[in-house]
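Going by this note's numbering, the sequence shown opens with residue 1, and the numbers climb by one from there.
Note that CB positions come from ideal geometry on N, CA and C, so glycine has one too.
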Amino acid sequence: MVRVKFSFESGIEIIGEINEDLNPRTAKKIIEVLPIRSKVRRWGDEIYFETPVDIELEKSQEYVELGAIGYWPLGKALCLFFGKTPVSDDERPKAYSPVNVIGKLHGDLTILRKVRDGETVKVEISDK
1 MVRVKFSFES GIEIIGEINE DLNPRTAKKI IEVLPIRSKV RRWGDEIYFE TPVDIELEKS
61 QEYVELGAIG YWPLGKALCL FFGKTPVSDD ERPKAYSPVN VIGKLHGDLT ILRKVRDGET
121 VKVEISDK
């Protein structure tokens with residue numbers, strides 16, 4: 001497992017872990033490109049942002065757990081799921097299209113509701 005920190009322009013920070021056992025090819029590619037900076041997009045209670053990674057579906061899924069960190073091949077994006085999305089049909093987060101889950105966020109996920117569309121995020125390996 002590799003601990004990562006997501007730092008948003010608004011001052012919000014959250015820690016997560018990338019688990020290379022979940023989707024090894026995807027996790028390895030993401031870890032290799034860190035640190036990255038990108039512009040955030042909001043979609044319900046999901047934050048997603050483009051990465052320089054281009055990898056195919058790998059044990060992908062549409063329904064994910066709260067706090068899931070996923071890679072969305074269609075948008076070449078990392079996705080942070082902290083609640084329902086516009087396509088959710090129950091309380092679970094549901095991706096727009098299948099994602100490769102690579103990890104989990106830790107802590108109070110509700111702080112992510114304060115992240116604004118268009119702000120910058122930095123993702124880096126964390127020593128915390």
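Exercise. Of all the beta strand (DSSP E) runs that stay within the bounds of the stretch 102-126, which reach a length of 3 or more residues?
Worked result: Here the runs fully enclosed are 120-125.
Problem set entry | Unbroken stretches of the alpha helix (DSSP H), 4 residues or longer, contained in the stretch 27-105 | The stretch 27-105 contains no whole alpha helix (DSSP H) run of 4 or more residues.
For this session: Can you check DSSP and say which residues form a bridge with Ile12?
Result: According to the DSSP secondary-structure assignment, Ile12 is paired through a beta bridge with no residue.
Exercise. When you compare only the Cα positions, how much space is there between Leu57 and Arg3?
Worked result: Linking Leu57 to Arg3 through their CA atoms gives a straight-line distance of about 23 Å.
Exercise. Going by C-alpha distance, which of Gln61, Leu66, Cys79, Ile102 is nearest Lys28?
Worked result: The option with the nearest alpha carbon to Lys28 is Ile102.
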